[in-house]
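J.:
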Amino acid sequence: MSEEEFRGVLARLAGGVVLVSAHDPDDGPAGAPAGMTATAFLSVSLDPPLVLVSVRTGSRMDEVLTEQPLWAVSLLSQEQRVTAGRFAMRGRLSDRLLFREVPHVLGEHTGAPLLKDALAGLECRTESRVPAGDHTLVVGRVLGTHLGGMAGAPLLYYQGAYRHLA
């Protein structure tokens, strides 16, 4: 099986789109927010409440989450397609500048940015990190939840593009 064949099959699996964020204490004197768009995010356990996100090993977010055990997840709505795209681009503007453009609050449990217009949010503390090929699976215990004020449809990723429910 080639990498291209593997990608082709998995492109047919629709996934929800989230923004994973954390406060990076190593970015300047006061630190700065860090964020990454992800589609490999899922619930692991109800008791205790655990979630999992997959991050590319060696990426900036992998480095941040290695040092910072507190992080947050914003579940994106279809109206946040542009935000998802901006946080997914390689060679993008600094995260500090990107977070200036999106309305957010800092989570009370983590200090990590939570997007105001997201469908919902979770604040987490890393429980474990599992190397998995070219990615690291980060399992987090949910410390707090936030339901967004807006009802809306989720942003999905399917066949290499952002989609929404019909």
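Residue numbers are given in full-length UniProt numbering: position 113 of the sequence shown equals residue 113, and the series is strictly consecutive. From the three backbone atoms N, C-alpha and C, an ideal C-beta is built for every residue, glycine too. Remember, it's a predicted structure, so these values are computed and weren't measured experimentally.
Give me the Cβ distance between Phe41 and Val73, rounded to the nearest whole Å; I'm assuming they're in contact under 8 Å.
T.: About 7 Å; that satisfies the 8 Å criterion.
J.: Which first and last residues belong to the beta strand (DSSP E) in which Ala32 is found?
T.: Its beta strand (DSSP E) spans residues Ala32 to Ala38.
J.: Measure the alpha-carbon distance for Val130 versus Leu155 and round it to whole angstroms.
T.: Straight-line Cα distance between these residues: approximately 27 Å.
J.: Which same chain residues, not among the five before or five after His109, have their C-beta less than 6 Å away from its C-beta?
T.: Same-chain partners within the cutoff: Glu123, Leu143 and Gly144.
J.: For Gly160, which residues from the same chain have a beta carbon less than 7 Å from its beta carbon, with the 5 sequence-adjacent residues on both sides left out?
T.: Hits under 7 Å: Ala11.
J.: Could you tell me whether the segment 110-120 touches the segment 15-23, where touching means 3 or more Cβ pairs closer than 8 Å?
T.: Yes, the segment 110-120 is in contact with the segment 15-23.
J.: Just the Cα atoms here: how many angstroms apart are Arg81 and His164?
T.: Cα-Cα distance, rounded: 10 Å.
J.: Please state whether DSSP places Thr110 in a helix, a strand or coil.
T.: Coil.
J.: With Ala84 as the anchor, note down where its alpha helix (DSSP H) starts and where it stops.
T.: Unbroken alpha helix (DSSP H) run through Ala84: Arg81 to Ala88.
J.: Are Tyr162 and Gly85 touching if we call contact CB-CB under 9 Å?
T.: Result yes, Cβ atoms of Tyr162 and Gly85 sit closer than 9 Å.
J.: The beta strand (DSSP E) spanning Asp24 covers which residue range?
T.: Unbroken beta strand (DSSP E) run through Asp24: Val18 to Asp24.
J.: Given a threshold of 16 other Cβ atoms within 10 Å of its Cβ, counted over all protein chains shown, does Gly121 qualify as buried or as exposed?
T.: Counting Cβ neighbours within 10 Å, Gly121 comes out buried, since at least 16 surround it.
J.: I need the DSSP call for Gly8, collapsed to helix, strand or coil.
T.: If DSSP states are grouped into helix, strand and coil, Gly8 belongs with the helices.
J.: Which of helix, strand or coil does DSSP assign to Val73?
T.: Here Val73 sits in strand by DSSP.
J.: Could you tell me the distance, in whole angstroms, from the CA atom of Asp134 to the CA atom of Pro103?
T.: For Asp134 and Pro103, the distance between alpha carbons rounds to 32 Å.
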